[in-house]
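Structure first, then comments.
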Amino acid sequence: MNSPSREKEWDLHERMLSKDSTVSVDIVLTFMEPLVQALERNPGCSHEHAYDSVIDALFIYFRHPDRYDERRASLGTYLAQIARRKAQDRHRSAVASARRNKEFGSIVELLPAPPNMSVETQVEVKLLVEKIERAGLSERDLACLRLIVMESRSTNMMAEVLGLTHLPQAEMRRAVKRHYDRLMKMLKRLCEEDPDDES
Amino acid sequence: MTSPEWLKRVAERSRSQPGMLGHVFGMYQSLEDRSNEQLAVDLACSPETLNLLALCIRPEGEAFLDQVKDICRRFEVKPSALVTVLRRVEVMEALEEDSSNESGMRTLQIAARDRSRNREPKP
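Quick note, the sequences are listed as chains A and B, same order. In terms of numbering that gives the first Met the number 0, the first sequence opens at residue 0 and continues consecutively. In terms of numbering that gives the first Met the number 0, the second sequence opens at residue 0 and continues consecutively.
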């Protein structure tokens, strides 16, 4: 897909400033694919990160269209700059997340085992941690498990790591419970797995 | 026009953007316990059109009616249906702003759900 002409960009920006409610749809449809394609050419930028970063850039522009100065750059260039910064943030975050995943087991190991926990149970916990590390869980799920392990399981803290704080309180509580139940079910399944089954 | 694969993703993300119609839809669905499909039925549009509607800037202020008309003209939605959704959410937001009025919020949610149940056809 080709980038839009300068005239089309001016028209879109003018409509944005005049509070045309449907121009945002045209802007998304016009810029999404060219910006994603451009972003994906950067090393280390995945397809998923490219889409999310372009979406970030578009919503930032929708919130503050007046921050764009058409004398300094085309709208496409302006959006691409924001998207690139967002993609870099995502990449840094992904690298940090991978590092934290490796550290998940060490968090559990650092916690002192309860005095009444048998050696057998301690071995089982260690095996479970290894299974969790191999299960390929998302960063959000691992962050929730960290909270559970650290016994910091307040609804607000869980909502924060799950990215649900924008929801109304009642819906947030329901969504957190859904995630918690799903994680508990997943942990139960991991516990029940045959330790010799490597499939 | 066929829907691009990423459209649903942008529509989902619009739910966390207060200036977007998608945010209004998210709040309305939460308040009225409506799924995407049910909201599309309420607005008499397809799920694909619902995703496009979510990307519109939320109508507000003096231009509210003109903005609603523009959206409805373009996406062939009944203005009365869209205004119903927008107004319901505005009322909820007004109550939420009054943070001391927590019981009022719960009353509104209960009332809205009761109203939804009453609206369902009786067997």
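Just so you know, even glycine gets a beta-carbon here, dropped at the ideal spot from N, CA and C. Fair warning: this is a prediction, and the values are worked out from it, not measured in the lab.
- Using a beta-carbon distance below 8 Å, is Q16/B in contact with chain A? Interface annotation, Q16/B: in contact with chain A, CB-CB separation under 8 Å.
- Task: Starting from A93/B, follow the alpha helix (DSSP H) in both directions and report where the run begins and ends.
- Result: P78 to E96 is the extent of the alpha helix (DSSP H) around A93/B.
- Below 8 Å on the Cβ atoms is my guess for L38/A versus R83/A; work out the distance and round it to an integer in Å. A Cβ-Cβ separation of about 7 Å places L38/A in contact with R83/A under the 8 Å criterion.
- Task: Can you give me the start and stop residues for the alpha helix (DSSP H) that D180/A sits inside?
- Result: Here the alpha helix (DSSP H) through D180/A covers Q168 to E191.
- Would you decide whether K85/A is buried or exposed? Buried here means 16 or more other CB atoms lie within 10 Å of its CB. With 16 or more other Cβ atoms within 10 Å, it is buried.
- Item | Cβ neighbours of A53/B in the same chain (closer than 7 Å, five flanking residues each side left out) | Cβ neighbours of A53/B beyond the five flanking positions: A10, S13, M19, L20, G21 and F24.
- Item | Contact with chain A by K121/B, beta-carbon distance below 8 Å | With a pLDDT of 46 at K121/B, under the threshold of 50, the predicted position of this residue should be treated as unreliable, though the coordinate-derived value follows. Closer than 8 Å: no.
- Compute the Euclidean distance between the alpha carbons of S23/A and L51/B, then round it to the nearest angstrom. Between S23/A and L51/B, the alpha-carbon positions lie close to 10 Å from each other.
- Query: With L74/A and E8/A assumed to form a contact (beta carbons below 8 Å), what rounded beta-carbon distance in angstroms separates them?
  - Reply: Contact holds; Cβ gap of about 4 Å.
- Residues that DSSP places opposite M31/A in a beta bridge: Answer is none; M31/A lacks a bridge partner.
- Item | Opposing strand residues paired with M15/A [DSSP bridges] | In DSSP, M15/A forms no bridge with anything.
- Using a C-beta cutoff of 8 Å, does E197/A count as contacting chain B? Residue placement at E197/A is poorly supported in this model, since its pLDDT is 44, which falls under 50; the coordinates still yield a value, given next. With its beta carbon at least 8 Å from every one in chain B, E197/A lies outside the interface.
- Query: By how many angstroms is the C-alpha of Y179/A removed from the C-alpha of R73/B?
  - Reply: Roughly 42 Å between the two C-alpha positions.
- Could you name the residues that DSSP lists as bridge partners for M19/B? Beta-bridge partners of M19/B (DSSP): I56/B.
- Message: Starting from P49/A, trace the alpha helix (DSSP H) in both directions and tell me its first and last residue.
- Response: For clarity, residue 49/A is Ala in the given sequence; the question names Pro instead. From DSSP, the alpha helix (DSSP H) with A49/A extends over H46 to R62.
- Message: Along the chain, where does the alpha helix (DSSP H) containing A10/B start, and where does it finish?
- Response: Start and end: L6 to S13.
- Item | chain B contacts made by the stretch 165-188 of chain A, where a contact means CB separation under 8 Å | Shown in chain order are the members of the stretch 165-188 of chain A whose Cβ falls below 8 Å from a Cβ of chain B: H165, L166, P167, A169 and E170.
- Task: In the DSSP assignment, find the unbroken alpha helix (DSSP H) run with T154/A in it and report its ends.
- Result: That run of the alpha helix (DSSP H) goes T154 to L161.
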